[in-house]
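The opening residue of the sequence shown carries number 1 in the UniProt record's numbering; numbering runs sequentially from there. Written out below as structure tokens is the structure these notes cover.
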Amino acid sequence: MASTPSFAPFVFLLLVIGCTARPFYPLPSKGDGGSRKPLQNFRPYNIAHRGSNGEIPEETHLAYTRAIEEGADFIETDILSSKDGVLICFHDVTLDETTDVANYKEFANRKRTYEVQGENITGFFTVDFTLKELKSLRVRQRYKFRDQQFNGMFQIITFEEFITIALDADRVVGIYPEIKNPVFINQHVKWSDGKIFEDKFVETLQKYGFKGSYLSNNWLRQPVFIQSFAPTSLVYISNKTESPKILLIDDVDIPTQDTNQSYWEITSDEYFNYIKQYVVGIGPWKDTLVPVINNYMKTPTHLVSRAHAHNLQVHPYTYRNENPFMHFNFSQDPYMEYDYWINKIGVDGLFTDFTGSLHHFQEWTSKRVDHEEEDMNDKTAAKLLHKIALLLSSYKLS
């Protein structure tokens, strides 16, 4: 009498198939109890420099919402102050270049000359206008060769309004605010409680729940990088917040605005050993990483590898699609530029005026790699199943 058939090989086959099949992943925004889709951290960060300002006037509400729609991981902004101590999102200490302030007769007597980072600058300064007055102005595109149709449509926004844009997104979007010109701001704006610009900056972040060290659970829920060209400000706030900080680095001939240190000093191994106690990375101008002569990039420096050796991230600025900003090496192709910086130089994040372009490049290259890995996994699984089939064909029930 024949014995009862053994199901062991078939169970084994099912187990193998289960182990080699592709894993199940929750749909976007459906995992983790219906919470927002988390921030990606498996590829360099897409940092929307002043929002999607290649298309929309910089640091405006629409520039930031457009950047989020286009796939930004972080939206970046510069924080200054109004005369009455309200923190605002604006790049220049003067209003002249990117607002219509010159059209207002009532403000004609506000033009001043102040010393900023060792230079005398004349113009209409944010610190001489109340928030209400600043809100009456309208922002315009910085570069004439960019789309001008949105000029005069948008107000200057506050730091709090900027934060709300990120928090209201349908996925987790980080913020990347800069403590801008702190020496100048602290000279011209005084708060009644005796606190300084940096205190108000950190208090605003904490008011909206931004806290925690890099990649901590709190940080992943509300990601933030705090950036500044002023190392003193970053060291000062390190006692007030664990949020990760980035030291911005200017051109090779421009010293730090607060400590008057040279480029060469703050990019030395000795200084990296010191500053890494307070920051998680550096944000250098990209042309200092790869020197440029006659619009051609030359041999890369070792700054990225040296920073990485000190466990510091590198987030260079600024990547722009237009011909005036692109070096001849890339044949006017921004995808070639992104490929060079991500895959050859090995940066960890990129400040870009064109968030959509960087996002498309990263999605395209990620999918290509994913497909190659899937094909390899499929071939491996097929070979394994073939061997199992041969074993099963020789198996006889007794």
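Cβ atoms here follow ideal geometry from the backbone N, Cα and C, with glycine treated the same way.
Cα-Cα, which of the options is closest to residue i?
i	options	result
S238	E198, Y271, L215, W264	E198
A48	F162, T122, F150	F162
D251	W285, Q141, H188, R112	W285
E106	H91, V116, E133	E133
V304	E76, V189, F272, F330	F272
residue 412	N321, I185, R138, S243	In the structure as shown, the chain starts at 1 and stops at 398, and residue 412 therefore has no counterpart that could be examined.
S81	E59, H61, T122, P182	P182
T77	P177, R66, A102	P177
F74	Q187, Q227, G123	Q227
G51	D100, N41, Y64	Y64
H188	K83, T288, N343, F145	K83
L289	K276, E270, Y317	Y317
K144	G123, D287, E97	E97
G281	I293, I249, E58, I196	I249
G346	Y236, K298, R306	R306
G209	V116, T164, D339	T164
W341	E322, N323, Q362	Q362
H327	N343, K298, S213	K298
R138	I196, Q277, E59	E59
residue 452	N103, A169, Y104, V116	This structure does not reach residue 452, given that the chain is present from 1 up to 398, and the question cannot be answered.
V140	A169, E119, G194, V101	In the sequence as presented, Val is not what sits at residue 140; that position holds Arg. Ranking the options by Cα distance to R140, first place goes to V101.
Applying the 10 Å Cβ sphere with the 16-neighbour rule, what's the burial state of residue i?
i	result
S262	exposed
N260	exposed
D147	exposed
V224	buried
F201	buried
Y274	exposed
G283	buried
P5	Only weak support is given to the placement of P5: the predicted model assigns it a pLDDT of 44, under 50, and the value that follows is read from those uncertain coordinates. Looking at its Cβ environment, which holds fewer than 16 other Cβ atoms inside 10 Å, P5 is exposed.
Y319	buried
S192	exposed
A230	buried
D258	buried
N46	buried
E337	buried
P57	buried
F10	Confidence is the limiting factor: at F10 the pLDDT is only 42, short of 50, which leaves the residue's position unreliable, though a coordinate-based value still follows. Exposed, because fewer than 16 other Cβ atoms sit within 10 Å of the Cβ of F10.
I179	buried
L397	Unreliable placement is indicated for L397, whose pLDDT of 46 sits below 50; the coordinate value is still reported in the next sentence. So L397 counts as exposed.
T352	buried
T113	exposed
F184	buried
S366	exposed
Starting from residue i, follow its DSSP beta bridges and name the residues at the other end.
i	result
residue 400	No statement about residue 400 is possible, as the shown extent of the chain runs from 1 to 398 and does not include it.
S81	L87
N181	N181 pairs with nothing; no bridge assigned.
K245	I226
F351	I47
Q313	G281
K37	R171
T113	T122
E76	Y176
Y157	Note on identity: in this sequence residue 157 is Ile, with Tyr being the wrong assignment. I157 pairs with C89.
Y319	T352
T94	F125
Could you give the C-beta distance for residue i and residue j, rounded to a whole number, given that I count them as a contact under 8 Å?
i	j	result
P38	V172	5 Å
K245	V279	4 Å
F330	G54	Not confirmed; about 16 Å, so no contact.
T126	L95	6 Å
L350	H315	7 Å
G123	K135	Not a contact, Cβ separation roughly 19 Å.
H61	I175	Actually they do not touch by this definition, with Cβ atoms about 14 Å apart.
F159	I79	5 Å
8 Å is my cut-off, CB to CB: does residue i come that close to chain B?
i	result
E97	Here chain B cannot be found, since the structure has a single protein chain.
Decide if the region 149-161 is in contact with the region 212-220; the criterion is three or more beta carbon pairs, one per stretch, under 8 Å apart.
In this structure the region 149-161 does not touch the region 212-220; the number of beta carbon pairs closer than 8 Å is below three.
Quick test of the definition: if touching needs 3 or more C-beta pairs under 8 Å, does the region 85-93 touch the region 125-140?
yes
Can you confirm whether the region 304-313 touches the region 60-76 when touching is taken to mean that 3 or more C-beta pairs between the two stretches lie within less than 8 Å?
no
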